[in-house]
Each structure stands twice: as C-alpha cells, then as structure tokens.
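Chemist: Structure provided below as structure tokens; questions to follow.
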Amino acid sequence: MANFSGLIRTGQLALRRSTIFSTTQIRTRINPANPGIAFPREGLEETDEEFDQRYLNYFNRPDIDGWELRKGINDMHNFDLVPEPKIMIAVLKACRRVNDHSLAVRYLEAVMRKANYKKNIVDYLMQEIRPTLNELGISTPAELGYDEPELALGDPTRCSLIEKPLT
47 MANFSGLIRT GQLALRRSTI FSTTQIRTRI NPANPGIAFP REGLEETDEE FDQRYLNYFN
107 RPDIDGWELR KGINDMHNFD LVPEPKIMIA VLKACRRVND HSLAVRYLEA VMRKANYKKN
167 IVDYLMQEIR PTLNELGIST PAELGYDEPE LALGDPTRCS LIEKPLT
C-alpha cells in the first residue's frame, strides 16, 4: 500500500499557492466586464477622491441589481475604512432601488461595526445620512432593536410578558 501523505501535502501546498496567486492576480487587474469597481493595477496609487468617485459611480448606476449591489458592498467592506457619508447615501439609495430594506439595515450595522461603535463616528454618520434615511423610509439598527443583544431583558420577574400564576 502506497503512502500518499506526502503527495497530498504537496497537492495542498500547490493548491494554496495557486489560490493566493490567482487572488492576487484578480485584485491587481482591471475587470473588463465591470471596470467601475475594479481594483487599481499594482503600483498605481489611487487618491481618496478617485476611490470615492469610483464607488459613487458604481452604486449610482440605475441598472444595478441585488447581486452587484452586494458585490460592491462586500468589496468596499474588505478595505480597512469607514465609508464617507456620500458613499453610504449612494448605497442606501441603491438598496431602495432594488427594494431591499434588510440589506440597507445590515449595511448600516456593518458600517457601525467597522467604526467599532465609537459614538463620535456613528453620531457623525447618522447625522449626515439621517435625511436620506427619512426620505427612503429606512430604519436604523437601533430603531429596530438590533443595537442590544436579544436576551438583554434584565430582570425576568419584572417582564410583563411572563404570566403570573392566579391565586
């Protein structure tokens, strides 16, 4: 009986290397099918304004569908940044165009997590996007009760939902 452990280990290493290489290759080339969201080529620097404009153009497209919207949000979320309010507004309007309220709420939740729930950052973002939220009828995670754990009820004996035995 042959020992295949070395062969398997070599195959796993080759697979890991090819995956890393292909991921790097994808991230550094322009996607011809969707140039608006492609990553810049290796060695080229992108200014903050160019980055913002690239995502604004992507999310402001009138023909964006749910898959493309999620793809753009996921790509942007992979960066180590909290998006500018103007980008958040574009994402929220795109969520409304595809009629996906839950995606908008989860996006707000993800941005708050990106900001590490720092009060000054979250307050600034909410202040800037509040008119858009009101205009589009989008609820914040706090308005829906998602800002607290589900089981954070406090003292259960004081909860009005528990029926008290009849005496």
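Here the numbering used here is used: the first residue of the sequence shown is 47, the next is one more, and so on. Positions of the beta carbon are idealized from the N, C-alpha and C atoms, including for glycine.
1. Leaving out five residues before and five after V144 in sequence, what residues of the same chain have Cβ atoms less than 8 Å from its Cβ?
2. Please report the straight-line C-alpha distance between E194 and N103, rounded to a whole angstrom.
3. If I'm right that D98 touches I133 with Cβ under 8 Å, what's the distance once you round it to whole angstroms?
4. Measuring alpha carbon to alpha carbon, tell me which residue in G183, Y192, E174, T186 is nearest P131.
5. So what does DSSP say about T186, is it helix, strand or coil?
6. Could you check where the alpha helix (DSSP H) with V157 kicks off and where it finishes?
7. With H, G and I counted as helix, E and B as strand and the rest as coil, what does DSSP make of T93?
8. The alpha helix (DSSP H) that contains P108, what's its start and end?
9. Using only the alpha-carbon positions, how far apart do Y101 and G118 sit?
10. Tell me where the alpha helix (DSSP H) around E114 begins and ends.
11. Around the C-beta of F105, are 16 or more other C-beta atoms found within 10 angstroms, so that it is buried, or is it exposed?
12. Taking only three categories from DSSP, how would you classify D126?
13. On the three-state DSSP scale, how would you describe K164?
Modeler: Checking against the coordinates, here is how it stands:
1. Position 98 of the sequence shown, counted from the first residue, corresponds to residue 144. Exclusion of the five residues before and after V144 leaves I110, D111, G112, L115 as the residues of its chain whose Cβ lies within less than 8 Å of its Cβ.
2. Position 148 of the sequence shown holds residue 194. Position 57 of the sequence shown holds residue 103. One C-alpha to the other measures close to 35 Å.
3. Reading the sequence shown from its first residue, position 52 is the one you call residue 98. Reading the sequence shown from its first residue, position 87 is the one you call residue 133. Between the beta-carbon of D98 and that of I133 there is about 6 Å, and that keeps the pair under the 8 Å contact cut.
4. As a working mapping, residue 131 is identified with position 85 in the sequence shown. Nearest of G183, Y192, E174, T186 to P131, Cα basis: E174.
5. For the purposes of this step, residue 186 is taken as the residue at position 140 of the sequence shown. DSSP places T186 in coil when its eight states are reduced to three.
6. Here residue 157 corresponds to residue number 111 of the sequence shown, with the count starting at 1. Residues 147-160.
7. Residue 93 sits at position 47 when you count from the first residue of the sequence shown. In the structure shown, T93 sits in coil (DSSP, three-state: anything other than H, G, I, E or B).
8. Position 62 of the sequence shown, counting from 1, holds the residue named residue 108. Boundaries for P108: no alpha helix (DSSP H) harbours it, and the DSSP string shows neither H nor E there.
9. Here residue 101 refers to the residue found at position 55 of the sequence shown. Here residue 118 refers to the residue found at position 72 of the sequence shown. One C-alpha to the other measures close to 8 Å.
10. Translated into the one-based positions of the sequence shown, residue 114 becomes position 68. Its alpha helix (DSSP H) spans residues 112-123.
11. Locating residue 105 in the sequence shown gives position 59, where the first residue counts as 1. Buried: at least 16 other Cβ atoms inside 10 Å.
12. Here residue 126 refers to the residue found at position 80 of the sequence shown. Coil at D126, not helix or strand.
13. Position 118 of the sequence shown holds residue 164. Three-state result, K164: coil.
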